[in-house]
Structures are given as C-alpha cells and as structure tokens.
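Participant:
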Amino acid sequence: MANVSTDIKIDVDYISAACNCCPHSLDWQNGPRLIYGVTNSVALCSDTAPFSVRKTFSGHQGRLNCVKWVRQEQRNSNSDFYYFLSASVDKTISLWKGKDEDYTKYTSLVGHQNSVTTVVGYQQSPNDDIYVASGSADSTIKIWCITDTLATCLHTLDFKNGFAITLELVPLDNHKNIFLLFVATDKNKVQIYQVSNSVIEQIFVLSGHEDWIRSITVQKLTSFQWFVATCSQDNYIRIWQLSFNESNNQTNVDPTILKLKRSSFALKITDESPINVNVELYSILLGHEEAIYGLCWYPNTDLKKAATTILSASMDKSMVLWTFDDNQKMYIDKARVGEVGGNTLGFYGCTFSPCGSYILGHGYEGALHLWKIEEIDDRINLIPQVINSGHFNTVEDCCWDRHSGRYLLSVSTDQTARLHAEWKRNGIISWHEIGRPQIHGYEMKCLTFIGSNQQRFVSGADEKILRVFDPPKNFLENFARITKINVDEDIQKAQSLPEGANVPALGLSNKAIFDNDENQTTTTSAVIDDDPMTVDGLYKEGFFKAIVLNEPPFEEHLLQNTLWPEIQKLYGHGYEIIAVASNPSGSIIASTCKVGSSINYRQ
C-alpha cells in the first residue's frame, strides 16, 4: 500500500459573507476590529484596508441578532484582551475573549425564554467585572455581572406585553459599578434606569418620538456633560444634554442658542449626597425621508469632533454625517452618501472606525458600504472603498471555471450568482467579489460550466427552466485589469460579444446590451433628464453603463453593471430544478428536478 503523506497544511485564503439582515448586527468603533454577524457566527475582519474577513467564530444554534464589543473605558496599553458579545435567536448570549485574531468563548449567558434581540456590555477597568444588559422578545431585560467566567443575573425587568428595542449602558464616573441604563421601548420612549449590584430603579423618561426608537448612543464629553442621541422610525434624530451637578459645575451657556424647557432627576448614591441631573432637549435633526435605524457619535479620540459630529443611517438608502455649525448654532448635514436607484432597500446600521477615518454602513440585504473621510479645509469628502461582500442567504452551489480555475462562481437562495476572483495590485493579492452575473427573481439552486467557451455557464433556480449565460465584453476587460490575467484570446474568440446586460422591469431574463444599444440608451436618458419634472424623468429605468474598473466593484456597480447576458433557455422539466451538472468536456448537461407526488400528477 502506497504511503500517503499526512503533512498537509490548510490555510483559509478567503471568506465571503454578508452581514446579517437586522439592526445591531455589526460593530467597529468600540473595538480593535470590525465584527459582524454571519448567520449564527461572528466574522472578524483584518485591521487594515480592505478589511477582509480573517476568521469566523461559531457558538450559537440560531441566527445572531446583535454583535457588540464590550466597551473598556479605562483601557490601557497593558490590557491584553478584548471582549465581544453575540446575542442569538437561540435565546442565549455568548461572551468572547481574545486578542488579534484569536478569540474563544469565555462564558454563556442563559436565562431568556425567547430570542435575544439586543445586548450591550461594559467594563470600567481591565480587571473589573463585566456588566451586560440584554433585551429579549420574552418582554424582559436582564442585567448580568460576569466575574471570571461566572455569569450572574442581577436583575430582571418584565415589561409584560411590551419589549425593549435597543439598549445603552453607561457607567457613572467616580462611582464603581453604578450605571445608567437607557431603554427604548415599543411605547416610543426612552426609559432611564439607575443600576447597581443591589438596585435597579427607573428615574426618568425621555419623550418626544412618535414611532419606535431604533438606536440610542451616548457621548460622554466630561464627567458632568453627556449627550444622548436617539433615532426613530418617525424620521427624526433627537439629542438630549444631561448635565450632572450643574449647580456646582456651571458651564458657559451661549444665550443666542434657543433652549427648551429643562427637566431634572436625582441619582441616589449610598452614603453620599444625591447627584442632580438636568435634562434638556439640545437639538432635533431632520434630513432623512424614511425610518432611521443607525446612529453613531464620532470616536472620542478627538474631543472636539466627538461633541459635534454624528453619523446616521436610514431606510431612505442614505447615510448622513452631521456636524455642529458654530455660526448657525445648529447641526447641519455636512456630507451625504448612499445608494441611488435600484431595487434595494436602505441601511440597517452605521459606525465609525475606531480612529474616525472611515464610516461603514450595512444594508437591508447584508451588503457593507465603506467610505474614507477626507477633510479639505472646511469640506468633507467621502471616498468609497473596497470591502468584503458575499451572499446573505444559504449558498446552494459553487463551481470553478474550466480554464485553470481563474475564478469561482456561487449561487444562493438570496437569488444571486456571484463571481469571486483575485485582486492583484502592487504585490498584494486578495480575493473579492468582482461580478454578479445573475440577479434573479427565484431562489438559485445550482450551476455548472459548459461548452467550448470556457466561461459559459448554466444555472438552475426554483423554477422549471435552465438559463445559459456568456460573459460580456465589459466584464472580460475589467476582469483582466483586476486579476492581471490576459483574456485577449477570449475576446478574440467572440468579436460579437455584447457590452453588458440589463434586466428589464418586471423581467427575469438578462437582456444583452451592445455598443449601439448603449449609445441609444445614453442619448435617450439625456433627453429625458432635460425635463426632470416629468414622470419619465423622475422614475427612469436604470440601464447598464460600461465602466472601467481597476479594483473590485462597489455594491452599486455589482447591482446593475456586472450582469451577464442570457443567451438561451432550456425547457423540459415539469417541476422546480434542484441540480445540474456537465460532462468533463462540457458538451452534455444533466439536470434533475423535484419529484411530483401523485396529487401533483392528478392536478
């Protein structure tokens, strides 16, 4: 019997995954690296651009609803470890401990009777206990204290028929293990609780929003001044100022700024005088046209920007960077980015990078959107950046192309086919999604490459027909520039290649677009745009536009500019297709469909 070598080393070169399609499933600002939920796992990204996924950590039996770094307020250079939390529909919370790219499950928090929807954690000093607040669909909030690996539930708040949408937990300075807990409920209010090891007590309510509050974020400017920002489905952002012991610590108040009526409450501290807290509505921001799901203050690495800069993300497909204008004495939208057109929905959340150099948003279909902040004089430019992408639902099949495996094609129940290949630049090689050949109306099930044309493929979806696709000219040209692979031979084999493809409104087939078609489309669009007040001008259909790429395309391009034209349909099956394969030469296709029951046949 021949000797078989067992000295095999396997390294992960590429992980492609989208973010879970729910709020609070991504965090970056409060930890060393970007983390986000991927089904029932946590993806950990690299700490340098393009922030690709380096590892995934699995510890749950169901989808993750929330992923958060544990904030370590007094962290120093001697602190070796970081912690992050993951909350799942399996009713549990996991606390992970580690550094760099090595994290292990530290402990589990078990006690909720239904899906855990939101979680937040805090550690005041490196050797202190970790305090965690969690909200669940069982209508309760639980406060946990974690000592070493022992998790103890200190308090349980029962909302009966209500529930908590989002939470924020903030410690009081100079008072160990005393926190303020901010709870956004389904009553459109923010309830404030004083929390300690022995007591939890509601002390104040912030009112004003007219719909569900989706995010709460607190910026501690000093021990005596906090800004609490909330965003809601009513399209508004509200900023409250909390001033502690204001009678003894007066701040300079600008008389030209309009202030609304103040309220106050007292914090009861054992063996100390009560701390008086004044609350006032500092500002109301209106600039989004749909529900606002994400809100994030600028990192406190720059105290001036931390007090005056905030980022919001909305279902209107936009993210807005707000800054306080000293001349106008109000917050203004300094920069706005996002998607224009298409059939996608908006953003579920947003965050700054830890150093404040980048902003990141995650969308309704799990896509990540990254911009780099460039400040020139008084202007802010947001430059789009390449970042990881992937399927947001079950991957059903994948296949290497027949020409020495230059790229990988995958299909998913998210109704897309995605093409993955290497991006080569300046001696650096990394894998990315560089094309989306098919965006379908049915869940994708299978694919295979066929024919003498090494890049022709057949795909099957949850329908009765197979569809055949060829690469367009624009894709081959961009593929060559990104991967540094010569494809001149492929282009010469088919001089009549279409430039690209487009999916007609209410259609399922990718229609080929040739040079003449593209010119005609451009001319027609220009005429329509001359009168933007017409129906055609306001709601014109998006068409393919040939683009020149030297780096992987952004999500906006993947959605409409990397489709492959459909050249043929194959009929014959009576039920939905589940598998397809081809012989080694690609000259014969075999496919199979679901088995119909006797009832189906009689119908």
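Going by our numbering, the sequence shown opens with residue 998, and the numbers climb by one from there.
Heads up, the beta-carbon is just placed ideally off N, CA and C, and yes, glycines get one too.
Since this is a predicted model, take the numbers as computed values, not measurements.
1. Between the C-alpha atoms of Val1107 and Phe1454, what's the straight-line distance to the nearest angstrom?
2. Tell me which residues share the same chain as Ile1585 and place their Cβ nearer than 7 Å to its Cβ, disregarding the 5 neighbours each side in the sequence.
3. At which residues does the alpha helix (DSSP H) containing Asn1475 begin and terminate?
4. Decide if Pro1529 is buried, meaning its Cβ has at least 16 other Cβ atoms within 10 Å, or exposed.
5. Using only alpha-carbon positions, find the residue among Ala1587, Lys1326, His1359 and Val1383 that is nearest to Met1316.
6. Under three-state DSSP, which class holds His1554?
7. Just confirm the distance between the C-beta atoms of Ser1013 and Glu1430, as a whole number of angstroms; I'd bet it's less than 8 Å.
8. Using 8 Å as the cut-off, can you tell me whether the stretch 1203-1215 makes contact with the stretch 1182-1194, which would need three or more C-beta pairs spanning the two stretches below that distance?
9. Please report the distance separating the alpha-carbon of Pro1029 from that of Ser1136.
10. Tell me, which residues are paired with Gly1360 by DSSP?
11. Going by Cα to Cα distance, which pick from Val1129, Ala1046, Gly1438 and Tyr1290 is closest to Leu1082?
12. Contact between the stretch 1436-1447 and the stretch 1021-1028 is defined here as three or more beta-carbon pairs at a separation below 8 Å; is this criterion met?
13. Return the Cβ separation of His1021 and Thr1115 in integer angstroms, given the expectation that the two are a contact with Cβ distance under 8 Å.
14. Excluding sequence positions up to five away, which residues of its chain have a Cβ less than 6 Å from the Cβ of Asn1471?
15. State the CB to CB distance for the pair Ile1289 and Asn1232, rounded to an integer number of angstroms; the pair is presumed to be in contact (CB under 8 Å).
16. Starting from Tyr1328, follow its DSSP beta bridges and name the residues at the other end.
17. With a Cβ-Cβ cutoff of 8 Å, do Asn1194 and Asn1171 count as a contact?
18. How many Å lie between Val1577 and Ile1564 at the Cα?
19. Which parts of the stretch 1263-1301 are runs of the alpha helix (DSSP H), unbroken and 4 residues or longer, counting only runs that do not cross its ends?
20. Assign Glu1371 to one of two classes, buried (16 or more other C-beta atoms within 10 Å of its C-beta) or exposed (fewer than that).
21. Which ranges does the beta strand (DSSP E) cover as unbroken runs of at least 3 residues, wholly within the stretch 1004-1078, from first to last along the chain?
22. Determine the DSSP secondary structure at Ser1582, reduced to helix, strand or coil.
23. Can you tell me whether DSSP reads Lys1461 as helix, strand or coil?
24. Label Arg1599 either buried or exposed according to how many other C-beta atoms from any shown protein chain fall within 10 Å of its C-beta, with 16 as the threshold for buried.
25. Could you tell me which residues DSSP puts in a beta bridge with Lys1369?
26. Have a look at Gly1363, Ser1407, Glu1287 and Gly1571 and flag the residue whose alpha-carbon is nearest the alpha-carbon of Thr1589.
27. Using DSSP with H/G/I as helix, E/B as strand and the rest coil, what is Asp1467?
28. Which residue marks the beginning of the alpha helix (DSSP H) containing Lys1490, and which one marks its end?
29. Throw me the rounded Cβ distance for the Cys1042 and Arg1051 pair, which I believe falls under 8 Å.
30. Which value, in whole angstroms, describes the spacing of the CA atoms of Cys1347 and Gln1069?
31. Cutting at 6 Å between CB atoms, please list the residues of its own chain near Ala1181, excluding the five before and the five after it.
32. Taking Cβ positions, are Pro1434 and Ala1414 nearer each other than 8 Å?
33. Determine the direct distance from the alpha carbon of Asp1459 to that of Thr1410, and round the result to whole angstroms.
34. Run through DSSP, which three-state label would Asp1155 get?
35. So Val1334 packs on Leu1405, CB below 8 Å; how close in whole Å?
36. Using the three-state DSSP reduction, which class does Thr1391 fall into: helix, strand or coil?
Facilitator: Taking the structure as given:
1. Counting from one through the sequence shown, the residue named residue 1107 turns up at place 110. Counting from one through the sequence shown, the residue named residue 1454 turns up at place 457. So the alpha carbons of these two residues sit roughly 48 Å apart.
2. Within the sequence shown, the letter at position 588 stands for residue 1585. If the five residues before and after Ile1585 are omitted, its C-beta is found closer than 7 Å to the C-beta atoms of Ser1579, all from its own chain and listed in chain order.
3. Here residue 1475 is taken as the residue at index 478 of the sequence shown, counted from 1. Taken as a continuous stretch (DSSP letters only), the alpha helix (DSSP H) holding Asn1475 covers Lys1470 to Thr1480.
4. To locate residue 1529, count along the sequence shown from 1; it is residue 532. Because Pro1529 sits at a pLDDT of 42, beneath the cut-off of 50, its placement in the model cannot be relied upon, and the following sentence gives the value as read from the coordinates. Residue environment: Pro1529 is assigned as exposed (fewer than 16 neighbouring CB atoms within 10 Å of its CB, all protein chains considered).
5. Here residue 1316 refers to the residue found at position 319 of the sequence shown. Between Met1316 and the set Ala1587, Lys1326, His1359 and Val1383, the nearest pair of CA atoms involves His1359.
6. Sequence index remark: in the sequence shown, residue 1554 carries index 557 (1-based). It is helical.
7. As a working mapping, residue 1013 is identified with position 16 in the sequence shown. As a working mapping, residue 1430 is identified with position 433 in the sequence shown. Their Cβ separation, rounded to whole angstroms, is 6 Å, which keeps Ser1013 and Glu1430 in contact under 8 Å.
8. Output reads yes: the stretch 1182-1194 touches the stretch 1203-1215.
9. Stepping through the sequence shown from its first residue, residue 1029 is reached at position 32. Stepping through the sequence shown from its first residue, residue 1136 is reached at position 139. Taking the Cα positions, Pro1029 is about 33 Å away from Ser1136.
10. As a working mapping, residue 1360 is identified with position 363 in the sequence shown. DSSP lists Phe1344 as partners of Gly1360.
11. As a working mapping, residue 1082 is identified with position 85 in the sequence shown. Cα-wise, what sits closest to Leu1082 is Val1129.
12. No, because fewer than three Cβ pairs between the stretch 1436-1447 and the stretch 1021-1028 fall closer than 8 Å, the two stretches do not touch.
13. By one-based count along the sequence shown, residue 1021 stands at place 24. By one-based count along the sequence shown, residue 1115 stands at place 118. With 8 Å as the limit, His1021 and Thr1115 qualify as a contact, their Cβ atoms being about 6 Å apart.
14. Position 474 of the sequence shown, counted from the start, is the residue given in the question as residue 1471. Here the set comprises Glu1496, Gly1497 and Ala1543.
15. Position 292 of the sequence shown, counted from the start, is the residue given in the question as residue 1289. Position 235 of the sequence shown, counted from the start, is the residue given in the question as residue 1232. The Cβ separation is near 6 Å, so the contact holds.
16. Taking the first residue of the sequence shown as 1, we reach residue 1328 at position 331. Phe1321.
17. Taking the first residue of the sequence shown as position 1, residue 1194 is located at position 197. Taking the first residue of the sequence shown as position 1, residue 1171 is located at position 174. Their beta carbons are not under 8 Å apart, which means Asn1194 does not touch Asn1171 by this criterion.
18. Numbered from 1 along the sequence shown, position 580 holds the residue referred to as residue 1577. Numbered from 1 along the sequence shown, position 567 holds the residue referred to as residue 1564. Whole-angstrom Cα-Cα distance: 18 Å.
19. The stretch 1263-1301 contains no whole alpha helix (DSSP H) run of 4 or more residues.
20. Position 374 of the sequence shown, counted from the start, is the residue given in the question as residue 1371. Label assigned to Glu1371: exposed.
21. The qualifying runs are 1032-1035, 1038-1042, 1050-1055 and 1061-1066.
22. One-based indexing of the sequence shown puts residue 1582 at position 585. Correct three-state label for Ser1582: coil.
23. Position 464 of the sequence shown, counted from the first residue, corresponds to residue 1461. Assignment of Lys1461 by DSSP, reduced to helix, strand and coil, places it in the coil class.
24. For the purposes of this step, residue 1599 is taken as residue 602 along the sequence shown, with counting starting at 1. With a pLDDT of 36 at Arg1599, under the threshold of 50, the predicted position of this residue should be treated as unreliable, though the coordinate-derived value follows. Counting Cβ neighbours within 10 Å, Arg1599 comes out exposed, since fewer than 16 surround it.
25. In the sequence shown, residue 1369 corresponds to position 372, counting from 1. Beta bridge pairing from DSSP links Lys1369 with Tyr1355 and Ile1380.
26. Translated into positions along the sequence shown, residue 1589 becomes position 592. Measuring from the Cα of Thr1589, the nearest candidate turns out to be Gly1571.
27. By 1-based counting over the sequence shown, the position of residue 1467 is 470. In the structure shown, Asp1467 adopts coil according to DSSP, grouped into three states.
28. Working through the sequence shown from its first residue, we reach residue 1490 at position 493. DSSP places Lys1490 in the uninterrupted alpha helix (DSSP H) bounded by Asp1485 to Lys1490.
29. Taking the sequence shown and counting its residues from 1, one reaches residue 1042 at position 45. Taking the sequence shown and counting its residues from 1, one reaches residue 1051 at position 54. About 6 Å separates the two Cβ atoms, so the contact holds.
30. Start at 1 with the first residue of the sequence shown, and residue 1347 comes out as number 350. Start at 1 with the first residue of the sequence shown, and residue 1069 comes out as number 72. Within the model, the alpha-carbon separation for Cys1347 versus Gln1069 is close to 21 Å.
31. Locating residue 1181 in the sequence shown gives position 184, counting from the first residue. Excluding sequence neighbours, Ala1181 sits near Ile1162, Thr1163, Val1187, Ile1210 and Ile1213.
32. Taking the first residue of the sequence shown as 1, we reach residue 1434 at position 437. Taking the first residue of the sequence shown as 1, we reach residue 1414 at position 417. Yes, they are a contact pair.
33. Here residue 1410 is taken as the residue at index 413 of the sequence shown, counted from 1. Here residue 1459 is taken as the residue at index 462 of the sequence shown, counted from 1. So the two alpha carbons sit approximately 9 Å from each other.
34. Within the sequence shown, residue 1155 is the residue found at index 158, counting from 1. Note: Asp1155 maps to strand in three-state DSSP.
35. Translated into positions along the sequence shown, residue 1334 becomes position 337. Translated into positions along the sequence shown, residue 1405 becomes position 408. About 30 Å separates the two Cβ atoms, so there is no contact after all.
36. What you label residue 1391 is simply residue 394 of the sequence shown in a count that begins at 1. For Thr1391, the three-state secondary structure derived from DSSP is coil.
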